[in-house]
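Chains A and B, in that order, give the protein sequences. For what it's worth, this note's numbering labels the leading residue of the first sequence as 1, then goes sequentially. For what it's worth, this note's numbering labels the leading residue of the second sequence as 11, then goes sequentially. In this text, a Cβ means the ideal position worked out from N, Cα and C, and glycines have one as well.
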Amino acid sequence: RSDTVEHDEL
Amino acid sequence: MNAFRLAGDMTHLLSVVVLLLKIHTIKSCAGISLKTQELYALVFAARYLDLFIHFISLYNTVMKLVFLASSFSIVWYMRRHKIVRRTYDKDHDTFRHHFLVLPCLALALLINERFTFREVMWAFSIYLEAVAILPQLVLLQRTRNIDNLTGQYVFFLGAYRVLYILNWIYRYFTEPHFVHWISWVAGIVQTLLYADFFYYYIMSWKNNVKLELPA
């Protein structure tokens with residue numbers, strides 16, 4: 001897993 | 011982005027438009043809970059901290075700005091606008107909303123995707139959003155004449171949550187690593203809170219009578 005979590009929802 | 015997600019965002023946007031229409035055009039916030047609106051402003055402020063740091067898409071940025079601006083302006087209208095604030099039903103909007111904030115923050119510190127400031131704030135916003143509708147639902151129960159716009163506002167908010175769940179189910183089967191337990195569990199809790207309202211809303215619509223929630 002990368003360092004940032006992808007939150008692509010609003 | 012799938013159709014459920016887009017439809018969810020659009021109903022969310024529609025709920026805000028309906029509420030702004032009521033406040034801005036009719037100059038009334040009768041039946042609207044200021045406590046819920048304050049919680050939403052806090053939810054968006056906490057969640058969109060990455061607005062200028064982390065770019066996802068133009069759509070994403072614009073929607074975030076719209077939700078931030080609308081939520082804060084609704085709070086402003088209800089507190090400060092000289093005509094609108096007089097229509098606020100303060101006596102019935104008594105839910106102790108401050109008591110929701112600390113438990114959500116504590117939960118976010120304990121359960122998060124990563125123990126960083128932004129991730130804790132993100133989890134906090136998810137937990138708080140799940141329960142932010144409670145003051146509004148309590149106020150609706152105490153309101154004798156729920157006007158159409160208020161009913162529609164809450165209905166669209168609930169529809170947005172239902173569509174987001176469908177979006178997650180879709181993403182679960184189409185995207186290999188799409189598992190976000192925090193938003194799923196909180197999102198399901200949030201949607202269940204609307205179940206009772208949905209029942210009475212649909213019944214009133216079917217029977218063509220005015221919406222009223224039993225106390």
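At the C-beta level, B/D206 and B/P145 stay beyond 8 Å of one another. The criterion of a C-beta distance shorter than 8 Å is satisfied by B/L173 and B/G18. Assignment of B/I33 by DSSP, reduced to helix, strand and coil, places it in the helix class.
Contact annotation for B/W194 against chain A: no contact, minimum CB-CB distance about 11 Å [criterion: below 7 Å].
The three-state reading of DSSP puts B/I121 in coil, since its state is none of H, G, I, E or B. In this chain, the alpha helix (DSSP H) harbouring B/Y210 covers 205-216. At least one CB of chain A lies nearer than 8 Å to the CB of B/I66. The stretch 164-171 of chain B makes contact with the stretch 205-224 of chain B: 3 or more CB pairs, one atom from each, lie closer than 8 Å.
At a cut-off of 8 Å, the C-beta of B/M73 has a neighbouring C-beta in chain A.
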